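In this text, residue positions in the sequence shown follow the UniProt record's numbering: the first is 1, and each later residue adds one.
We put the CB at the ideal spot given by N, CA and C, even for glycine.
It should be emphasised that the depicted structure is a prediction, and the values quoted were computed from it without experimental measurement.
One structure is given below, encoded as structure tokens.
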Amino acid sequence: MTTLRPQSLQSRFLLGLGAIVLLVGVFFSASMYFHLKDLLHSQVVDKAELMLAQVDSVQQYVRTTLRPKMYTMVSDDQFVIEAMSSSYISRKVMDRLNMEKSQYLYRRVSENARNPKFEINELERGLMQEFRADPELAFWEGYRNIKGVEYFLTARPVVFAKKCMHCHGSPDKAPKVLLERYGDRRGFGRKVGEIGGIDLVGLPVDSAVSQIRDATVGYVGIYASGMLIFFTVVQFFFNRLVTHNLHRLTRVFRERFKDQEEIRVLDKVEQKDEIEEVVQGMEELGDHLVNVQNQLRDYAANLECMVERRTEELSIEAAERQSDVALFVLLLDKLNRARSRHEMWHSALPEIARRFEASSAAFICMLATQNYYSWPEGLERPEMPENWREILTESVPLFEPGRAVIPVGADDSVNEGLLFVTWDHGVDLKQQDRTLLRALGQQIGIAMENLGALDNLVRQKDLLQSVVEGIADPLLFMDGNCTVVLANQGARTLGDSLAGLDDDSDEGDGAQKLIPALFSECYGQEGSDCPLRQTMDRGQPDQREVGTPDGRHFSVSMYPVGDADRRLVVYVREVTNEKRMLARMRQSEKLATVGKFASGLAHEMNNPLGVIKCYGELLRNAAPSDQAREDVDVIMRHATQAQNVLQDLLNFARPAKLAAEDATLGEVVRGAVRSYGVQAETLGVGLKAHVDPQAGDFVLSRQAGDQILSNLLGNALDALEGSEDGRIDVDVSCSADKAEVVLSVCDNGPGVPPDVLESIFDPFFSTKDVGKGTGLGLAVVYGIIKDMGGSIDVSAGAGARFVVRFPARNNDTGKA
1 MTTLRPQSLQ SRFLLGLGAI VLLVGVFFSA SMYFHLKDLL HSQVVDKAEL MLAQVDSVQQ
61 YVRTTLRPKM YTMVSDDQFV IEAMSSSYIS RKVMDRLNME KSQYLYRRVS ENARNPKFEI
121 NELERGLMQE FRADPELAFW EGYRNIKGVE YFLTARPVVF AKKCMHCHGS PDKAPKVLLE
181 RYGDRRGFGR KVGEIGGIDL VGLPVDSAVS QIRDATVGYV GIYASGMLIF FTVVQFFFNR
241 LVTHNLHRLT RVFRERFKDQ EEIRVLDKVE QKDEIEEVVQ GMEELGDHLV NVQNQLRDYA
301 ANLECMVERR TEELSIEAAE RQSDVALFVL LLDKLNRARS RHEMWHSALP EIARRFEASS
361 AAFICMLATQ NYYSWPEGLE RPEMPENWRE ILTESVPLFE PGRAVIPVGA DDSVNEGLLF
421 VTWDHGVDLK QQDRTLLRAL GQQIGIAMEN LGALDNLVRQ KDLLQSVVEG IADPLLFMDG
481 NCTVVLANQG ARTLGDSLAG LDDDSDEGDG AQKLIPALFS ECYGQEGSDC PLRQTMDRGQ
541 PDQREVGTPD GRHFSVSMYP VGDADRRLVV YVREVTNEKR MLARMRQSEK LATVGKFASG
601 LAHEMNNPLG VIKCYGELLR NAAPSDQARE DVDVIMRHAT QAQNVLQDLL NFARPAKLAA
661 EDATLGEVVR GAVRSYGVQA ETLGVGLKAH VDPQAGDFVL SRQAGDQILS NLLGNALDAL
721 EGSEDGRIDV DVSCSADKAE VVLSVCDNGP GVPPDVLESI FDPFFSTKDV GKGTGLGLAV
781 VYGIIKDMGG SIDVSAGAGA RFVVRFPARN NDTGKA
């Protein structure tokens, strides 16, 4: 029977090469496939751990910070589930992962869950049973098919602690809000240490596995195409390179060998290109060469012994050098991983001792710390050599039989300590080993210097951070692109405040929102429009005052740092209260000036008006006709009106002493509402008052209260005259800190135009028609409130809102 197998050398070579290429392709394709799967597994494990860590962070924050803070703000029988339940908050935070288009799955479920939406399913129940069966099991990882999609799942048990029993123990002790929302049947009856649920994180892997499979198939296709091209090239070059070179080889041998036996062997090699013939010919040629070599060995026996001895020495030396390289690589890795000097020496000393086959190794720090490290640990300090000072200062190592003392330092000028390497028997180190130990001392010295510099850098950073955070006002450090590099808590808090976010918001860093909020109209613009870039371009400090839409004002100081780096320190200070105080001071000065003028004017005009009225009475009594008396009455009426205006001026300039009669603010408000109720009803305006019982007991002068409310209510009724569905609300309450009693009068009229806010309390200023007001009412009210130690503010917008604040510090004595 004929065996079907290739006969020529070329065919056998190509077949063998093809088998090798196929095996290599299969090996690398499989390796790539399994490597990508392992890489995918490690990535999904890291992502799952990151998600669980995020959940832990949220729950830990709720348990340790938010919930205790809420207990201080609410009564013991109150429970705000949105701010105090760690499970509720963590689910809400992680709900975005469970959206329809999300790639992630997060579930926190339990048996008999309080919310049926989070009741455990069959898959999760099986996982929970595994945790209950093995209490030592902290995590479970694996792959499961969920609704036709392959997921990588990570689960961990939810164990009820003692502090959880407040909401999950007995229904009788649970917060009422939980019972009202979920009832008293679900989520209760838990025990301390019970595994009642699981946290489950899932990541879909179908798409990634498909991509891996496609990449592997593509690689196989590319590999197969390349191999086809490779085989074509090999087949082309085989005859050119192999067969042709075989003939060249035989020609060379014919030129070198003239013996008949050698020529006979060469003839066999040249006959065919089959592998058997070639191998047979080469074997015969090799046997012939061996015979020749044996003859030469006999001639050079002594020379071979020397060569073998030298070769052995070179092999030993090469092995030592290889171990030296391995030692340096290992030490470099351990030194890079070390975070302290103790950890560095703990890992380096054993390796040094093993390399030089020493019985012990130790290091003594000769600086102020005098630290000592040894291997094995617990050894006594080695005896110092007599010339140890010379070793340190001149960087000259000491080598004695059985001991080596090496200076350790980054350079020869400064050494931090001495490295002792000891042997149980007297060992005389070779010069190469001595050089190696000296190099190790310098390398370890560099590592110690780097550790010291790193430690100093960390401490400087912590010091800078503590200084920056210790500044209460916002402080920022910005780069040339106007991006915040460093900011303190004041900057983050103010940024969140201006952006309308609370302190618990997770919508980014509040410091990044601060500068855009302050310079909203020009932030980020190129050239001269951006104040930050202007300051960096000039290289000179700059200070500006900016305002925000909510009426707050800030002083912004900018200090450029460096020339080439273009960096900027920004210091922000709120000056809203200062501006208000200055405005009040200017108002007081203006009122005092106008009051003096009004007092003199009223005094000068009141006497002539008195004379006019006196003679008017005489004329009216002596009038010969009714027409003359009517004319005199017109004179008398206008003279009386002028006297009333002058009296208002006198009241403004020299406020009359308020009556001693006292009354509560609630009584004054209710009395004023009753007095103006008829007028309000006639105009079709709703007038209502709400008085807080605690604030309503505030005591003040009845005359002062009546005058304040009469002016404010009168102005409100004038503003609502002719309007439909007019409404006036009077409210009396206490401030949040109980330091002030607040009286507010609000209407839904046309409101106060923003352009008159600064002048509304000025004397003689009025927006009413001529003849309907003197413009002194609010000025008088302002003066009365100021004398009482209070303040009054007005806000613009839809409707007018006047807010009067009385200090409550003297309320216990019965007066404001």
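Item: Length of the line joining the Cα atoms of alanine 663 and aspartate 692; Value: 16 Å
Item: Distance, alanine 716 Cα to serine 723 Cα; Value: 12 Å
Item: Host alpha helix (DSSP H) of tryptophan 388 (start-end); Value: 388-394
Item: Cβ neighbours of alanine 719 in the same chain (closer than 7 Å, five flanking residues each side left out); Value: Asp747, Gly749, Pro750 and Ala800
Item: Aspartate 662: first and last residue of the uninterrupted beta strand (DSSP E) it sits in; Value: 662-664
Item: Exposure of phenylalanine 420, with buried meaning 16 or more beta-carbon neighbours within 10 Å; Value: buried
Item: Same chain, Cβ closer than 7 Å to leucine 289, five either side skipped, listed in chain order; Value: none
Item: Among Glu49, Ala404, Met227 and Asp424, nearest to glutamine 431 - alpha-carbon criterion; Value: Ala404
Item: Classification of glutamine 707 by the beta-carbon crowding that lies within 10 angstroms, buried from 16 upward; Value: buried
Item: Three-way DSSP call (helix, strand, coil) for aspartate 729 in this model; Value: strand
Item: Validate contact between the segment 531-547 and the segment 559-573 using beta carbons, cut 8 Å, 3 pairs; Value: yes
Item: At least 3 beta-carbon pairs within less than 8 Å: the segment 441-449 vs the segment 407-420; Value: yes
Item: Local conformation of lysine 47 per DSSP, three classes; Value: helix
Item: Counted within 10 angstroms of its Cβ, other Cβ atoms place alanine 816 as buried (16 or more) or exposed; Value: Below a pLDDT of 50, predicted positions are generally treated as unreliable, and alanine 816, at 48, falls in that range; no measurement from the model is reported.
Item: Residues that DSSP places opposite valine 570 in a beta bridge; Value: Leu476 and Met558
Item: Isoleucine 146 versus glycine 197: straight-line alpha-carbon distance, rounded; Value: 19 Å
Item: Same chain only: Cβ atoms within 8 Å of glutamate 390, ignoring 5 sequence neighbours per side; Value: Val396
Item: DSSP beta-bridge partners of residue 824; Value: The shown model of the chain, from 1 to 816, leaves out residue 824, and the question about it has no answer.
Item: Burial state of asparagine 711, where buried means 16 or more other Cβ atoms lie within 10 Å; Value: buried
Item: Rounded straight-line distance, which links the Cα of aspartate 455 to that of alanine 695; Value: 59 Å
Item: Cβ separation of valine 80 and methionine 70, assumed to be a contact under 8 Å, to the nearest whole Å; Value: 6 Å
Item: Residue from Tyr106, Ile195, Leu105 and Gly666 whose Cα sits closest to the Cα of glutamate 130; Value: Ile195
Item: Beta-carbon spacing of phenylalanine 139, arginine 156 below 9 Å; Value: yes
Item: Proximity to arginine 132 [Cα-Cα], best of Pro116, Val217 and Glu111; Value: Glu111
Item: Complete runs of the alpha helix (DSSP H) confined to the segment 82-133 [at least 4 residues]; Value: 86-94 and 122-133
Item: Residues that DSSP places opposite alanine 404 in a beta bridge; Value: Phe399 and Val421
Item: Distance CB(tyrosine 223)-CB(serine 29) smaller than 9 Å; Value: yes
Item: Arginine 156: first and last residue of the uninterrupted beta strand (DSSP E) it sits in; Value: 149-159
Item: 7 Å Cβ shell around alanine 660 - same chain, five flanking residues per side excluded; Value: Low per-residue confidence applies at alanine 660: pLDDT is 47, beneath 50, and the placement is therefore not dependable enough to give any value.
Item: Through-space distance from valine 26 to glutamate 274, alpha-carbon basis; Value: Low confidence applies here, because glutamate 274 scores a pLDDT of 48, under 50, leaving its location unreliable; read the following figure in that light. Glutamate 274 and valine 26: Cα-Cα distance of roughly 30 Å.
Item: Beta-carbon gap between arginine 107 and serine 86 smaller than 9 Å; Value: no
Item: Buried or exposed by the 16-neighbour rule on C-beta atoms within 10 Å, applied to isoleucine 364; Value: buried
Item: Residues that lysine 688 bridges to, as DSSP identifies them; Value: Asp729
Item: DSSP beta-bridge partners of alanine 487; Value: Leu476
Item: Where tyrosine 676 falls, given that 16 or more other Cβ within 10 Å makes a residue buried; Value: buried
Item: Any 3 or more C-beta pairs closer than 8 Å across the segment 336-356 and the segment 459-467; Value: no
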